[in-house]
Structure formats: structure tokens, C-alpha cells
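From first to last, the protein sequence lines stand for chains A and P.
Just so you know, the numbering used here puts 4 at position 4 of the first sequence, and the rest follows in order with no gaps.
Just so you know, the numbering used here puts 52 at position 52 of the second sequence, and the rest follows in order with no gaps.
The beta-carbon is built from N, C-alpha and C at its ideal position, and this holds for glycine as well.
Contents: one structure, followed by commentary.
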Amino acid sequence: DVKVTQSSRYLVKRTGEKVFLECVQDMDHENMFWYRQDPGLGLRLIYFSYDVKMKEKGDIPEGYSVSREKKERFSLILESASTNQTSMYLCASSLGGLAFFGQGTRLTVV
Amino acid sequence: DAKTTQPNSMESNEEEPVHLPCNHSTISGTDYIHWYRQLPSQGPEYVIHGLTSNVNNRMASLAIAEDRKSSTLILHRATLRDAAVYYCIPTRGADGLTFGKGTHLIIQP
Chain A
1 DVKVTQSSRY LVKRTGEKVF LECVQDMDHE NMFWYRQDPG LGLRLIYFSY DVKMKEKGDI
61 PEGYSVSREK KERFSLILES ASTNQTSMYL CASSLGGLAF FGQGTRLTVV
Chain P
1 DAKTTQPNSM ESNEEEPVHL PCNHSTISGT DYIHWYRQLP SQGPEYVIHG LTSNVNNRMA
61 SLAIAEDRKS STLILHRATL RDAAVYYCIP TRGADGLTFG KGTHLIIQP
């Protein structure tokens, strides 16, 4: 069974903390993505990556960075967490338009 | 990315067919039409996709209009487990999926 695994299901962090959200896929996909999902706003693309060490900005990259040192792992970094980054974060990997999503990480910044 | 229009919500009874429409009049010639759904408290999951011809799989059928400006996802016998938000997404896939608001499907027992 194919899998995209996010390291945490729930996370609570303090304002100003550096936060790492980890995502691992076991399908050898080149493309990986980070989305956030908020009520009324739907899923919005933060960053994506076509290959190791490559990254592209999505629609809402401000306040975030990413790291892709290995093909299977794509990390989302909040350099200095703020309360407006409280959200559900979803990681995905894809082959063309066929994407597989993780279960999501619900991050609360207090 | 092509703009899509879907009903905000639809309601159906269990074990009846459900037809979920999507308009994508600005779709490009190389975009596939993908459908995803998101069950409560889960990430989106792939349902089906097609280019020009109608498609069937174990989850659903996809009917694509001849001019490709609209498509319909068909659930042949809806169950309570099919209650979800359904997203229609025209895409070549390379740059990520752009999710709209989708259709919230409610299934009545």
C-alpha cells in the first residue's frame, strides 16, 4: 500500500519557535508538495519540489521554507511560528496528476 | 490553471446514484480532468481521471463532455462512506493540484 507519512498528527508550538514538519513517501515520486487547509479557504499550495534540492514557491510561501535533501523526504519549516500559521498542513507526492496525500498535521501556534 | 465551477453542496440518499457536475470551460487541450475527494479529518484521495473518453474504475465513473468544458463524476450506489468534499481539478499535474471549494456531498441514510 502506497504511503505518505507525516511525522505528527497534532502539534502545539509557541509563537516565535522554529517548527519542522516532516513528510516521507515510499513511492519514489519525484514531485512533492506542501499545502495548508483552512476553513473557507480550501487547500492552498505553499511549496513544491520536482527533485532533490529543488524547490518552487506555491501560492502562499511567505513565512515558510522547505528542504529536500533526499528524494523520499520533504520538510516544511516555519522559521518563526506565528498564530496565523495555525492550520492543517498536508503533504503530498505525485506522479503527474496522480497525487497521494498524508493524513495531515494539525498545527496550533499559541 | 483552468477555473472550475462546482455546486457548493449536494444531497443524496444511500444506495442511489449520485451525479456530481463540474464546469471547466477554460480547460486547455493537454489538461487531464482529475477528481479527488476528502473525507472528514483525512487528506484528499484520488478518485478518477480522464482526458477525453469516459472512464470507469472501482470507485466511480467519469463522463466527459465532447467539448471537454464539463464533466460529471458518477457514484453508482452511494454509501454513507461516500460523504465527502469532491474536487474537480483540470491539470497536467506537474505543478501541483489547484483545489477549488469542491462539492460537499451529503448522504442520507
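Restricted to the segment 56–100 of chain P, the beta strand (DSSP E) segments that are unbroken, complete and at least 3 residues in length are 61–64, 70–75 and 84–91, listed in chain order. Within chain A, the residues whose beta carbon sits less than 9 angstroms from that of leucine 97 of chain P are Phe33, Tyr35, Leu43, Leu45, Ala92, Ser94, Gly97 and Ala99, listed in sequence order. With its beta carbon less than 8 angstroms from one in chain P, glutamine 103 of chain A belongs to the interface. The DSSP-derived three-state label of asparagine 31 of chain A is strand.
The closest CA to that of threonine 15 of chain A, considering only A/Thr108, A/Thr105, A/Lys3 and A/Ala81, is found on A/Ala81. In the pairwise beta carbon analysis, the segment 30–48 of chain A is classified as touching the segment 90–105 of chain A: at least three pairs are separated by under 8 angstroms. At least one CB of chain A lies nearer than 8 angstroms to the CB of threonine 91 of chain P.
Contact annotation: the segment 82–89 of chain P touches the segment 22–38 of chain P, with at least three C-beta pairs closer than 8 angstroms. Interface annotation, glycine 43 of chain P: in contact with chain A, CB-CB separation under 8 angstroms. Taking every protein chain shown into account, the CB of isoleucine 106 of chain P has fewer than 16 other CB atoms within 10 angstroms, so this residue is exposed.
Neighbours of histidine 49 of chain P across chain A, judged by C-beta separation under 8 angstroms: Gly97 and Leu98. Contact note: tyrosine 32 of chain P reaches chain A through Gly97, using a C-beta cutoff of 7 angstroms and chain order. For valine 109 of chain A, the enclosing beta strand (DSSP E) covers residues 105–109. Flagged as an interface residue toward chain P: phenylalanine 48 of chain A, by a C-beta distance shorter than 8 angstroms.
Looking at the backbone, the Cα of phenylalanine 99 of chain P and that of leucine 43 of chain A are separated by about 6 angstroms. Taking a beta-carbon distance threshold of 8 angstroms, glycine 16 of chain A does not count as an interface residue toward chain P.
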